[in-house]
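K.L.:
Numbering (my numbering), first residue to last: -4 to 512. Pasting a structure below so you can have a look.
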Amino acid sequence: MNISGFLPQLVKVHGEKPAVSIGTSLFCTYEQFSARVAGLAGALRGKLNLQKGDRVGLAMTNAPQYLEILVACWHAGLCAVPMNSKLHPKEFAFILNNAAAKVCFVTDDLAEGIAKSDYGTENLGFIISVDDKYYEALVRNEGIDIVAVSEEDPAWIFYTSGTTGRPKGATLSHRNLMGMALRYYADIDPVSSDDCYLHAAPLSHGGGLYGLPHLFKASHQIIPESRGFDVDEIFDLLEIYENMTFFAAPTMLTRMTNHPRASKAKAENIKTIYYGGAPMYLEDIKRSISVFGPRFYQIFGQGESPMTGVGLSKEMHADSSHPRYEQRLASTGIPRTGVEVRVVNQDDENVAVGELGEILFRSDVTMLGYWNDPEASARALRSGWLHTGDIGFADEEGFITLKDRSKDMIISGGSNIYPREIEEVLMTDQRIDEVSVVGREHSDWGEEVVAFVVPREGETIRAEELDALCLSNIARFKRPKEYFLVDQLPKSNYGKILKTELRKQLAQSPKLENVEI
-4 MNISGFLPQL VKVHGEKPAV SIGTSLFCTY EQFSARVAGL AGALRGKLNL
46 QKGDRVGLAM TNAPQYLEIL VACWHAGLCA VPMNSKLHPK EFAFILNNAA
96 AKVCFVTDDL AEGIAKSDYG TENLGFIISV DDKYYEALVR NEGIDIVAVS
146 EEDPAWIFYT SGTTGRPKGA TLSHRNLMGM ALRYYADIDP VSSDDCYLHA
196 APLSHGGGLY GLPHLFKASH QIIPESRGFD VDEIFDLLEI YENMTFFAAP
246 TMLTRMTNHP RASKAKAENI KTIYYGGAPM YLEDIKRSIS VFGPRFYQIF
296 GQGESPMTGV GLSKEMHADS SHPRYEQRLA STGIPRTGVE VRVVNQDDEN
346 VAVGELGEIL FRSDVTMLGY WNDPEASARA LRSGWLHTGD IGFADEEGFI
396 TLKDRSKDMI ISGGSNIYPR EIEEVLMTDQ RIDEVSVVGR EHSDWGEEVV
446 AFVVPREGET IRAEELDALC LSNIARFKRP KEYFLVDQLP KSNYGKILKT
496 ELRKQLAQSP KLENVEI
């Protein structure tokens, strides 16, 4: 089963439909897309002499060529290695070397950094910019038939962020990606050629992965002219396109909700906004629903189980009359179709309902393992279950509520403190735009709680007010011992707050100035 096999039949029915556009400018129809994919596949196997199973790197910002390169890799029996476009050249080098990539496609803005890197390997034979004439010559190559592959053959290697060490390559098979797409249709939305999918988030991550179930159904793929997330641009595009779906990390969704144009945005043209990848605070999602309506689906998954684990449906976001509405909205939802979920203690034994433990997944969406890392694979996939490293609990209805990543938990005086609980309380203050709670080393207690707070524009907040808010809602030992006013929080290019960077700031500057707020 080759995942690219969807395209020949699709073209027979939907060949004249728009496949990819940049903003409002058409890049190609599905008939043209199919021809470009087949030609590029032929060039990869012919001119570039790649063999079945070889890896192909993508060091690219969002571009219309991204999708055709992915599908061409699969058409040719190859494995794609999409990479975060904001990596340092040395980080690109590590991934390309680790995956033994033979070719790397780049956008012009990244070409120089890739070319100057010392890869320490003879594997990489070609660095090809998608913005030059040579690439266009490749896509006009004579096409080849789809190469037969096993459903367990690698299709996409998703490299983790590496926040706890070198990044690891979660290896996703053709079966994994098809399982992911089918669960999209089962749990989130049916998709048709009347829909469009906006790539406002990086194609190298979950936004690109969920572009696939839309591609398989001839949905129109829109690449913003900015090549990324711009609230004004999204609102402009909503004036033109209907039935639009896109991904928004919680911080992105908050920016949209708080934008001056939000109340006048053409929300009726939004089909679905799915969100995940970081905590979505209850007060934030309630505000978003009040502005855009219940057009949201929450996902909890990982690169190791791409976009698929637990989900909170649009119906559950809309059911405000339910007696447990807020508890459900504060959760990540229920296990996805065909996904087994457990909550376990440190001995991998199931814990009782309501008891905290590590969340485990098992399904045919779970990765094959980490590329060339059998030890890490064995740890992550113990007893056939993916150990997510996320801490949470299941209620009596099976809804999973996350507390934190295990590495983000704070241990103070022997007590476990979960930052998300404190962040949820602080976010009830309407003057706060964003907040992040982390642990700081303490000689007596091991760690103490501190909070980084981003006020909304024009707002003034005092530390005493935040302290009173915490003392009214949580135990005294959990409240932050210090509050830091900051203009912004460090984030990944996927919009996830980087707590590791905040902890580094505290470790490097223990006397970090506390601005009275």
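Note that CB positions come from ideal geometry on N, CA and C, so glycine has one too. Just so we're clear, the structure is a prediction, and the values are computed from it rather than from any experiment.
#1: Return the chain-ordered list of same chain residues with a C-beta closer than 6 Å to the C-beta of residue 182, the five sequence neighbours on each side being excluded.
#2: Based on the DSSP output, what are the partners of residue 382 in its beta bridges?
#3: Should the stretch 29 to 41 be called in touch with the stretch 234 to 252, which here means at least 3 C-beta pairs below 8 Å?
#4: Let me check understanding here. Comparing Cα to Cα, which of 458, 23, 404 and 422 lies closest to residue 213?
#5: Tell me which same chain residues have a C-beta within less than 7 Å of the C-beta of residue 435, skipping the five on either side of it?
#6: If I'm right that residue 10 touches residue 25 with Cβ under 8 Å, what's the distance once you round it to whole angstroms?
#7: What does the alpha-carbon distance come out to for the pair residue 470 and residue 109?
#8: Whose C-beta lies closer than 6 Å to the C-beta of residue 14 among residues of the same chain, with five residues either side of it excluded?
#9: Looking at the secondary structure, which residues open and close the beta strand (DSSP E) in which residue 360 lies?
#10: Run through DSSP, which three-state label would residue 415 get?
#11: On the DSSP letters alone, give me the boundaries of the beta strand (DSSP E) that residue 215 sits inside.
#12: Which two residues bound the contiguous alpha helix (DSSP H) that contains residue 76?
#13: Assign residue 297 to buried or exposed, taking buried as 16 or more other Cβ atoms, counted over all protein chains shown, within 10 Å of its Cβ.
#14: Roughly how many angstroms lie between the CA atoms of residue 246 and residue 229, to the nearest whole one?
#15: With H, G and I counted as helix, E and B as strand and the rest as coil, what does DSSP make of residue 327?
#16: In chain order, what residues of the same chain lie with their CB nearer than 7 Å to the CB of residue 371, ignoring the 5 residues before and after it?
#17: With distances taken between CB atoms, is the gap from residue 125 to residue 58 smaller than 9 Å?
#18: Rounded to whole angstroms, what is the Cα-Cα separation between residue 284 and residue 329?
#19: Is residue 189 helix, strand or coil by DSSP?
#20: Which class does residue 367 belong to by DSSP, given the choice of helix, strand or coil?
#21: From residue 473 to residue 96, what distance separates their C-alpha atoms?
#22: On the criterion of 16 or more Cβ atoms from any shown chain inside 10 Å, does residue 349 qualify as buried, or is it exposed?
#23: Would you call the CB atoms of residue 141 and residue -3 closer than 9 Å?
#24: How long is the line joining the alpha carbons of residue -1 and residue 70, rounded to whole angstroms?
#25: Are the CB atoms of residue 254 and residue 227 nearer to each other than 9 Å?
#26: Which stretch, first to last residue, makes up the beta strand (DSSP E) that contains residue 406?
#27: Who are the Cβ neighbours of residue 484 in its own chain at under 7 Å, not counting the five residues just before and after it?
#28: Which residues bound the alpha helix (DSSP H) around residue 227?
#29: Hey, quick one: how far does the beta strand (DSSP E) through residue 21 stretch, first residue to last?
#30: With DSSP collapsed to three states, give me the class of residue 69.
#31: Do residue 207 and residue 175 have their C-beta atoms closer together than 9 Å?
P.N.:
Straight from the coordinates:
#1: Position 187 of the sequence shown holds residue 182. The answer, listed in chain order, is 306, 331 and 332.
#2: Locating residue 382 in the sequence shown gives position 387, where the first residue counts as 1. Partner(s): 355.
#3: no
#4: Position 218 of the sequence shown holds residue 213. Of 458, 23, 404 and 422, the residue nearest in Cα terms is 23.
#5: In the sequence shown, the residue the question calls residue 435 occupies position 440. Cβ neighbours of residue 435 beyond the five flanking positions: 442, 443, 445 and 501.
#6: For the purposes of this step, residue 10 is identified with residue 15 of the sequence shown, where counting begins at 1. For the purposes of this step, residue 25 is identified with residue 30 of the sequence shown, where counting begins at 1. At roughly 5 Å, the Cβ-Cβ gap stays under 8 Å, so residue 10 and residue 25 are in contact.
#7: Here residue 470 corresponds to residue number 475 of the sequence shown, with the count starting at 1. Here residue 109 corresponds to residue number 114 of the sequence shown, with the count starting at 1. Roughly 51 Å between the two C-alpha positions.
#8: As a working mapping, residue 14 is identified with position 19 in the sequence shown. Excluding sequence neighbours, residue 14 sits near 23, 24, 25 and 28.
#9: Translated into the one-based positions of the sequence shown, residue 360 becomes position 365. Segment: none, residue 360 is in no beta strand (DSSP E) and carries neither H nor E.
#10: Translated into positions along the sequence shown, residue 415 becomes position 420. It is helical.
#11: Within the sequence shown, numbered from 1, the residue matching residue 215 stands at position 220. Counting along the chain, the beta strand (DSSP E) containing residue 215 begins and ends at 215 to 218.
#12: Residue mapping note: residue 76 aligns to position 81 of the sequence shown, counting from 1. Per DSSP, residue 76 belongs to no alpha helix (DSSP H); it is in the beta strand (DSSP E), 74 to 77.
#13: One-based indexing of the sequence shown puts residue 297 at position 302. The residue is buried, with at least 16 neighbouring Cβ atoms inside 10 Å.
#14: Residue numbering aside, residue 246 sits at position 251 when the sequence shown is read from its first letter. Residue numbering aside, residue 229 sits at position 234 when the sequence shown is read from its first letter. Going by the C-alpha atoms only, they are around 15 Å apart.
#15: In the sequence shown, residue 327 corresponds to position 332, counting from 1. The answer is coil: DSSP assigns residue 327 none of H, G, I, E or B.
#16: On the sequence shown, position 376 is the one that residue 371 refers to. If we look at residue 371 and ignore the five residues flanking it on each side, its Cβ neighbours are 163 and 365.
#17: For the purposes of this step, residue 125 is taken as residue 130 along the sequence shown, with counting starting at 1. For the purposes of this step, residue 58 is taken as residue 63 along the sequence shown, with counting starting at 1. Taking 9 Å as the Cβ cut-off, residue 125 and residue 58 qualify as a contacting pair.
#18: Here residue 284 is taken as the residue at index 289 of the sequence shown, counted from 1. Here residue 329 is taken as the residue at index 334 of the sequence shown, counted from 1. Their backbone Cα atoms lie some 20 Å apart in a straight line.
#19: On the sequence shown, residue 189 is found 194 positions in, with the first residue counted as 1. Coil at residue 189, not helix or strand.
#20: Position 372 of the sequence shown, counted from the start, is the residue given in the question as residue 367. The answer is coil: DSSP assigns residue 367 none of H, G, I, E or B.
#21: Translated into the one-based positions of the sequence shown, residue 473 becomes position 478. Translated into the one-based positions of the sequence shown, residue 96 becomes position 101. Approximately 47 Å between the Cα atoms of the pair.
#22: The residue you call residue 349 lines up with position 354 of the sequence shown. Residue 349 is exposed by the Cβ-count criterion.
#23: Start at 1 with the first residue of the sequence shown, and residue 141 comes out as number 146. Start at 1 with the first residue of the sequence shown, and residue -3 comes out as number 2. Yes.
#24: Translated into positions along the sequence shown, residue -1 becomes position 4. Translated into positions along the sequence shown, residue 70 becomes position 75. The straight-line gap from Cα to Cα measures roughly 6 Å.
#25: Sequence index remark: in the sequence shown, residue 254 carries index 259 (1-based). Sequence index remark: in the sequence shown, residue 227 carries index 232 (1-based). The answer is yes: Cβ separation under 9 Å.
#26: As a first step, residue 406 must be located in the sequence shown, where it is residue number 411. Residue 406 -> beta strand (DSSP E) spans 405 to 407.
#27: Your numbering for residue 484 matches position 489 in the sequence shown. Cβ neighbours of residue 484 beyond the five flanking positions: 429, 431, 447, 449 and 492.
#28: As a position in the sequence shown, residue 227 is number 232, starting the count at 1. 226 to 233 is the span of the alpha helix (DSSP H), which, as asked, contains residue 227.
#29: Against the sequence shown, residue 21 aligns to sequence position 26. 20 to 24 is the extent of the beta strand (DSSP E) around residue 21.
#30: Along the sequence shown, read from residue 1 onward, the residue named residue 69 stands at position 74. Note: residue 69 maps to helix in three-state DSSP.
#31: Residue numbering aside, residue 207 sits at position 212 when the sequence shown is read from its first letter. Residue numbering aside, residue 175 sits at position 180 when the sequence shown is read from its first letter. Their beta carbons are under 9 Å apart, which means residue 207 touches residue 175 by this criterion.
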